[in-house]
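**Q** Those protein sequence lines, which keep their order, are chains A, D, Z and Y. When the count follows the numbering used here, it moves up by one through the first sequence with no breaks and lands on 304 for the last residue. When the count follows the numbering used here, it moves up by one through the second sequence with no breaks and lands on 501 for the last residue. When the count follows the numbering used here, it moves up by one through the third sequence with no breaks and lands on 317 for the last residue. When the count follows the numbering used here, it moves up by one through the fourth sequence with no breaks and lands on 317 for the last residue.
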Amino acid sequence: ADVKIGFVVKQPEEPWFQDEWKFADQAAKEKGFTLVKIGAQDGEKVQSAIDNLGAQGAQGFIICVPDVKLGPGIVAKAAANDLKLMTVDDRLVGADGNPLEDVPHMGISATKIGETVGQAIIDEIKKRDWDMKEVGAIRVSYDQLPTAVDRVEGAISVLKAAGFPAENIHDAPQAKTDTEAALNAATTVLNKHANVKYWVAFGLNDEAVLGAVRASESVGIPAENVIGVGIGGAESAINEFKKPSATGFFGTVIISPKRHGYETALNMYEWIADGKEPPKLTLTAGSLALRGDYETVRKDLGIE
Amino acid sequence: MAFLEFRNISKGYPGVQALSGISFSVEKGAVHGLMGENGAGKSTLIRILSGDQSADTGSILIDDGEQNYRSVRDAFHAGVIVIHQELQLVPELSVAENLWLGRFPGKAGVIDGRTLVETVRTKLEEIGIDIDPTAKVSSLSLGTRQMVEIAKAVMLEARVIALDEPTSSLSSRESEILFSLIERLKAKGTVILYVSHRLDEIFRLCDSLTVLRDGKLAAHHPKIAGTTREQIIAEMVGREISNIWGWRERPLGDMRLEVKNLSGPKLRNPVSFSVRRGEILGFFGLIGAGRSEMARLLYGADHRHQGSVSIDGVAVSANNPKAAITAGMVLCPEDRKFDGIIQGRSIEENIAISSRRHFSPFGILNPKKEASVAEQFIARLRVRTPSRRQDVINLSGGNQQKVILGRWLSEQGIKVLVIDEPTRGIDVGAKSEIYEILYGLAADGLAIIVILSELPEVMGISDRIMVMCQGRIAAEVARTDFDERRILAAALPDRNAAGTI
Amino acid sequence: MNSLKKILLGEQGLLVIFAGAFVVVSIFVPNFLTERNMLGLLQSVVTIGIVSCTMMFCLASRDFDLSVGSTVAFSGMIAVMVSNASGSIPFGLLAALLCGGAVGLVNGVVIAKLRINALITTLATMQIVRGFALIASDGRAVGINDPSFYQLALSRIFTIPTPIWIMILLFIVFGFILNRTVFGKNTLAIGGNPEASRLAGVNVDRMRIWIFTLQGMVCAVAGILLASRITSGQPNAATGLELSVISACVLGGVSLAGGRAAMTGVIVGVLIMGIAENVMNLLNIQAFYQYVVRGFILLIAVLLDNLRSSAAGRGRA
Amino acid sequence: MNSLKKILLGEQGLLVIFAGAFVVVSIFVPNFLTERNMLGLLQSVVTIGIVSCTMMFCLASRDFDLSVGSTVAFSGMIAVMVSNASGSIPFGLLAALLCGGAVGLVNGVVIAKLRINALITTLATMQIVRGFALIASDGRAVGINDPSFYQLALSRIFTIPTPIWIMILLFIVFGFILNRTVFGKNTLAIGGNPEASRLAGVNVDRMRIWIFTLQGMVCAVAGILLASRITSGQPNAATGLELSVISACVLGGVSLAGGRAAMTGVIVGVLIMGIAENVMNLLNIQAFYQYVVRGFILLIAVLLDNLRSSAAGRGRA
Ligand SMILES: Nc1ncnc2c1ncn2[C@@H]1O[C@H](COP(=O)(O)OP(=O)(O)OP(=O)(O)O)[C@@H](O)[C@H]1O
Ligand SMILES: Nc1ncnc2c1ncn2[C@@H]1O[C@H](COP(=O)(O)OP(=O)(O)OP(=O)(O)O)[C@@H](O)[C@H]1O
Ligand SMILES: O[C@@H]1[C@@H](O)[C@@H](O)CO[C@H]1O
Ligand SMILES: [Mg+2]
Ligand SMILES: [Mg+2]
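Put into structure tokens, the structure is as follows:
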């Protein structure tokens, strides 16, 4: 029979998910199945999306959920609609907070990726030979998103472990997840600590860190005194690297939408068509990309 | 020779043929009266003349030129100015800005603020109206607003001016100012189309007259001289009305309403009076005399400073219309547009809104009863409408007024009825029916307070009259002592005491 | 021909247009008219549908409520957290209803008594209540301990899921209240002319407070069902719900200027929103194009209704 | 005492209250009253401030515009994309202004001529335009090729960044238009009494179309400056802007019922919003509590203004 697979993501506007879909489409073309792409921003939309997939006769779906605690409901809904379920990016958890091990998952650990960011920052601080006591850190935060909290906390744990003074870390809460909000929040932090010479910045994604970098520029901090490390590695970051002269946006941790999109779709297809169950857990790592090497890093990850 | 001519004008609305084949003409420099029952089509004709609405058929000629204008602006450029029945002012703007609206003075879109205010000041002084041009319209009383409207017509040099019931909110003094303005305009050769339900005014001002009935031309009098009141009434309503007041003696009962030292923000001097069962107490005064204020305080519509109101010896709590209704008192307010009609809702709902509580057990409606109440008052008050389900906003002004009256006249178990200018804008035929209803209610033992601004009317239907002037009760006159000059004298403010209310 | 015109332009015109569109969609969109899809579709509009019932009253009385989304999320959280803490689901549900009602009551009192603009008041409470939900849960979804909580949403009566029955019940109840009770007529009167209604003896302040309180409680019902459906209390749930609900109402002919509302219209409005979403996903329309299509559907639906009603000559109101 | 009361309740009461609050904040919040922080604060309100100028007109004429956020994002994208494609920044700016104006024109025509409710129309265009922005950029941020584009936002005149100057300029221009020109008075008249304005010969339809078109163009200005500030065109920029802008206007005393507006009020409204955000961050208030605080500030600000104006007795009009 015809294979139909759903690919549900929480934020279709994000380039990341556009990429995941793009690579999943590639798999669909190669294997000749139909891919149904649905955006579902909250728990309610997820439920409707699953019903909708069931109604159109799909056999399984891959999902990146808006909230991992939605787990039990999604599992139940998938079962009710007789759909095979696999998660991508973020792993479902049960009411007790432990991961639902039965659901095959491919993803990244938010904490891990945060740690990669933190490590990159520490390495660069050391390389530039700054005194950590004289460095301020901007934590561009968006605390209502659990993944965002895990990422920045991951970065902070590494900073602290390396001896970065906790009192030098300043919170810049974004009202929304766009660059302008991050820019405004970071500006306030910079102005509050006008005497600090060196700054590092991290946050939920590239957009957040870019906001902090723009803020440092607008208050006149030279680019070489700023180390911002983002997460994502899509256009926002690449644009930054393409600028004629280096900015405070030092690097970004690229995660590969290719594996997430292409491989999950392929796994699901094989599960449906050949009964070959995917591995329960596949974790992918992020790779740090800098101004000088981002093209090769991207190539290595299979994205262009 | 004819200066303004209507040729075969027809206009229909869903369910209503407002005008059918109206043709008549008016001479240069003439004041032409337009009369007819409520809903006869007068305002519709005027709206077509103003360019606001277009006729289904027919044409308008001015100075023998056929007019093809399609908007108010075009009509204005053709020399036509219309003062509509409902006030058309912007409350948030000043008097001067309202007068200039649509044609502000200035260069390149920048308003010349001085010219704006000064021209208006000069003009108002010249006309003899005492209004501050920089005052916001929202701060003015209804009567004053009406004067602003009239000033608008006079200020702009027009060839044709149409006035749709301009005196309905004016007292005799303001009306006099208007009449002298009309004389002046007439002398300049302006054609004036004048709509009114007041026969006195028509006879006093008009040179010629057209009567409409049910959207058709009922009569055209190229010369008004020689016609009689009775004749015109018959042409309007299709029947004779002999004694329009129809007052008759009624026995008065115990004291029903007692008011002691009532005062509020706009009624600073405390007012006291009382009304007996079966009594109709008329309140007369000039505009701004404070009668409406008194009524609103009585009812709890505005904030009471001090004083007490009691019905059959039981005190009525202040500042709460609902409580007043429960205590047996209702108020029919004077401003039908802001305080009366409920736009967007049917005639039926507008009538039943208050009285339905008597026949809605547990808050659940009784549609049959509601319909029958509505039908009853539509018939009794002769509301011209295709159906009781019609949106009240689609009714003519007078018919809206009738609907609101219906709301209060349909109340049951009421002890005190306060009505403020009930006959404003209402045709002669319906007026006498309203009086009859009032007499009937009084005979049932109600105490009735009726606020009126026309002396003959207040004298015609009241058992007793209170005259108010500048926020005080200036005189109290029993029916046996009714005397036109005495009442008027009491209503006129003492010129030296130049006080404000 | 003429009688067709009459039907289209009549009172029930919107319904007729909608029925026509429904038939067309049923024929041309594969998998649309299956029992499964219909039930899925109805379930997807439960939240909007339920909240629309009272939003209709709110708009009809010339008010506005932006806080519904936050209240749905907040009361859902409360239901879950109190159920977990007390071990009793009925207790949790009661707490949610009370909290929802309390939010509505506060809205109502501030708007009616302190006379603060409804838009600003509910914009403020929208943020405050969302803040409470986030603070209470530390920004994370709260799981449900007792799985029988899920049964609220999962159970079926005559093969139809309970939430759909509840929505239908509320449609009937509020339709009745609007058309057949003094409360409904007074709501419309207030919307038509608040001052005139006050003078006609309607206790306008009390009415407004009641409408907001009801709205809050109905949001709690929606929040409970939502929490049960998604098996957790989510502080970020139902963001943007306010605009969807208001759109559904306006689509259904409720006038933002007050005084005009009909339950059938609102139901049709809710269904149009649901069907649009459903069909776009069935047709696999790309996410970005969905924005555009959604916008055009909104426009066309109101435009059709406008043409209809202006042809029917609603006059100069 | 009495003269104090007079000042507080007078025309400029809001301003006085605001000035008082400003002084208090300056004293008690460390780092608030520094030149750097002031400039940062002003820059943070540039988008809201600029768009408020025309939103004020829109609300004053009894209309409503929810599409501003999308238009800001879309025209920012256009500015960047056209600049990149043509290699000419002026050309890009022109294209952005035209596109912004076109969105506004469409809004205006649909609302004024097809007589579709402004809320629904702009809710629809909000989605359609956002869809366009996403489609045009494939959902990705678009980088700027020519770095001199950044100079729009980075350059300074007398030590003050250009965007702030532009905002101030627009405040002056639109303040003048509102108070001193036929256009401004007609706007207020339309909002105060549309029927009367029409009967006085004001071309209401044309005015509304103009207001929306201007709004679109002003959004484009904001979009260009935003793109320059964040050095790229982002299709997701400025979501939710509409509610912030409308709040700022209402805070500033613009009546949603039309007819009442003042530029100083709107400026104060914009500043209150900016200061609230800034101070909360300076005081290190936790994110979730910020929601709550933001809500209360909104409420208190309108409440104060209401007390003031009801004490001043605005009558029942
Ligand atoms: N020139 C004026 N300026 C300001 N307020 C006025 C002016 N004239 C009257 N008012 C007030 O406006 C309100 C409504 O005026 P309205 O013309 O209805 O007169 P009124 O006081 O109700 O008395 P009446 O019913 O006797 O005419 C009243 O409170 C009146 O005192
Ligand atoms: N927009 C409308 N829709 C439906 N019917 C209307 C509309 N406007 C007016 N009518 C009807 O047309 C008829 C004529 O109304 P018009 O206002 O011309 O009466 P009028 O002679 O001015 O009455 P009045 O003395 O009460 O002012 C009335 O029956 C009225 O109900
Ligand atoms: O939301 C993030 C998304 O932005 C991308 O980074 C992948 O992981 C998801 O959790
Ligand atoms: Mg009339
Ligand atoms: Mg009066």
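Note that the Cβ used here is the ideal one computed from N, Cα and C, for glycine as well.
Secondary structure at glycine 60/A, three-state DSSP: helix, strand or coil?
**A** Residue state, collapsed to three classes: strand.
**Q** Output the distance between the C-alpha atoms of glutamine 290/Z and methionine 280/Z, rounded to the nearest integer angstrom.
**A** If I take the Cα positions, the gap works out to 7 Å.
**Q** Hey, quick one: how far does the beta strand (DSSP E) through asparagine 8/D stretch, first residue to last?
**A** Asparagine 8/D -> beta strand (DSSP E) spans 2 to 13.
**Q** Among the candidates Gly189/D, Ser10/D, Ala489/D, Ile62/D, whose CA atom is the shortest distance from the CA of glycine 285/D?
**A** Glycine 285/D has its Cα closest to that of Ala489/D, out of Gly189/D, Ser10/D, Ala489/D, Ile62/D.
**Q** Drop a sphere of 10 angstroms on the beta-carbon of proline 270/Z, count the other beta-carbons inside from all chains shown, and report buried for 16 or more, exposed for fewer.
**A** Here residue 270/Z turns out to be valine, not proline, going by the sequence shown. Answer is buried; the Cβ neighbour count reaches 16.
**Q** Using the three-state DSSP reduction, which class does aspartate 25/A fall into: helix, strand or coil?
**A** The answer is helix: DSSP assigns aspartate 25/A an H, G or I state.
**Q** When the Cα atoms are used, what is the spatial distance from leucine 455/D to leucine 251/Z?
**A** Rounded to whole angstroms, leucine 455/D to leucine 251/Z spans 53 Å at the Cα level.
**Q** List the residues of chain D whose Cβ lies closer than 8 Å to the Cβ of leucine 59/Y, in chain order.
**A** Within chain D, no residue comes near leucine 59/Y; the closest Cβ sits about 13 Å away, beyond 8 Å.
**Q** At a cut-off of 7 Å, would you count serine 292/D as near ligand 5, judging by its Cβ distance to the nearest heavy atom?
**A** Checking the Cβ of serine 292/D against ligand 5 gives yes.
**Q** So what's tryptophan 199/A in DSSP terms, helix, strand or just coil?
**A** DSSP places tryptophan 199/A in strand when its eight states are reduced to three.
**Q** So is lysine 258/A in contact with chain Y if we call contact Cβ pairs under 8 Å?
**A** Chain Y contact via Cβ: absent.
**Q** If we cut at 8 Å on Cβ distances, does serine 247/Y have a partner in chain Z?
**A** Chain Z contact via Cβ: present.
**Q** Hey, alanine 49/A and leucine 35/A: beta-carbon distance below 8 Å or not?
**A** Not a contact, by the Cβ cut-off of 8 Å.
**Q** Let's test the definition: count the other Cβ atoms within 10 Å of the Cβ of proline 163/Y and tell me whether it reaches 16, buried, or not, exposed.
**A** Classification of proline 163/Y: buried, given that the 10 Å Cβ count is 16 or more.
**Q** Scan the region 268 to 310 of chain Z and note each continuous alpha helix (DSSP H) run of 4 residues or more that stays entirely inside, going in chain order.
**A** Complete alpha helix (DSSP H) runs here, min 4: none at all.
**Q** If you drop the 5 nearest sequence neighbours on each side, which residues of the same chain put their C-beta closer than 7 Å to that of arginine 314/Y?
**A** Confidence is the limiting factor: at arginine 314/Y the pLDDT is only 38, short of 50, which leaves the residue's position unreliable, though a coordinate-based value still follows. Closer than 7 Å at the Cβ level, and outside the excluded window around arginine 314/Y, lies no residue.
**Q** Quick one, which of Ile48/Y, Leu41/Y, Leu59/Y has its alpha-carbon nearest alanine 257/Y's?
**A** The residue with the shortest Cα to Cα distance from alanine 257/Y is Leu59/Y.
**Q** Who are the neighbours of valine 202/Y on chain D, taking C-beta pairs under 8 Å?
**A** Ordered by position in chain D, the residues that pass the 8 Å Cβ test against valine 202/Y are Leu101, Gly102.
**Q** Checking 8 Å against the spacing of the C-beta atoms, do isoleucine 267/Z and valine 25/Z come in under that value?
**A** Contact: no.
**Q** Between the Cα of asparagine 145/Z and the Cα atoms of Arg294/Z, Ala220/Z, Ser86/Z, Ile272/Z, which residue gives the shortest distance?
**A** Comparing Cα positions, the closest option is Ser86/Z.
**Q** For the region 131 to 157 of chain Z, enumerate the residues whose C-beta is nearer than 9 Å to any C-beta of chain A, in chain order.
**A** So the list reads Leu134, Asp138, Gly139, Arg140, Ala141, Val142, Gly143, Ile144, Asn145, Pro147, Tyr150, Ala153, Leu154, given in the order they occur along the chain.
**Q** Fully enclosed by the region 221 to 294 of chain D, which beta strand (DSSP E) runs are 3 residues long or longer?
**A** Segments of the beta strand (DSSP E) lying fully in the region 221 to 294 of chain D: 255 to 264, 267 to 276, 280 to 285.
**Q** According to DSSP, is tyrosine 142/A part of a helix, a strand, or is it coil?
**A** The answer is coil: DSSP assigns tyrosine 142/A none of H, G, I, E or B.
**Q** Give a single yes or no on whether lysine 42/D has its beta carbon closer than 7 Å to a heavy atom of ligand 2.
**A** Yes, ligand 2 has a heavy atom inside 7 Å of this Cβ.
**Q** Is the beta carbon of glycine 21/D within less than 7 Å of some heavy atom of ligand 2?
**A** The answer is no for glycine 21/D.
**Q** In angstroms, rounded to a whole number, what distance separates the CA positions of isoleucine 451/D and glycine 328/D?
**A** Each residue's alpha carbon lies about 19 Å from the other.
**Q** Let me know the secondary structure DSSP gives phenylalanine 18/Y once reduced to three states.
**A** The answer is helix: DSSP assigns phenylalanine 18/Y an H, G or I state.
**Q** Alpha carbon to alpha carbon, how far is phenylalanine 179/D from glycine 340/D?
**A** Computed Cα separation, rounded: 29 Å.
**Q** Could you give the DSSP three-state label for glutamate 277/A: helix, strand or coil?
**A** The answer is coil: DSSP assigns glutamate 277/A none of H, G, I, E or B.
**Q** Return the chain-ordered ranges of every alpha helix (DSSP H) run that is complete within the region 43 to 100 of chain Y and spans a minimum of 4 residues.
**A** Segments of the alpha helix (DSSP H) lying fully in the region 43 to 100 of chain Y: 46 to 60, 68 to 86.
**Q** What does glycine 295/Y reach in chain Z if we use C-beta pairs closer than 9 Å?
**A** Going along chain Z in sequence order, the residues near glycine 295/Y (Cβ under 9 Å) are Leu123, Ala124, Thr125, Met126, Gln127, Ile128, Val129, Arg130, Gly131.
**Q** With distance defined between alpha-carbon atoms, name the residue in Thr282/A, Ala137/A, Ala175/A nearest to lysine 160/A.
**A** For lysine 160/A, the nearest C-alpha among the options comes from Ala137/A.
**Q** Could you check the C-alpha separation between methionine 126/Y and cysteine 219/Z for me, to the nearest Å?
**A** In a straight line, the C-alpha of methionine 126/Y is about 26 Å away from that of cysteine 219/Z.
**Q** When DSSP labels each residue in this structure, what does leucine 188/Y get in the three-state scheme?
**A** Three-state DSSP puts leucine 188/Y in a helix.
**Q** Could you work out which residues of chain A lie near isoleucine 230/Y, taking near to mean beta carbons separated by less than 8 Å?
**A** Under the 8 Å cutoff, chain A gives Thr179, Glu180, Leu183, Leu210, Gly211, Arg214.
**Q** Kindly indicate if chain Z contains any beta-carbon less than 8 Å away from that of phenylalanine 288/Y.
**A** Interface residue, yes.
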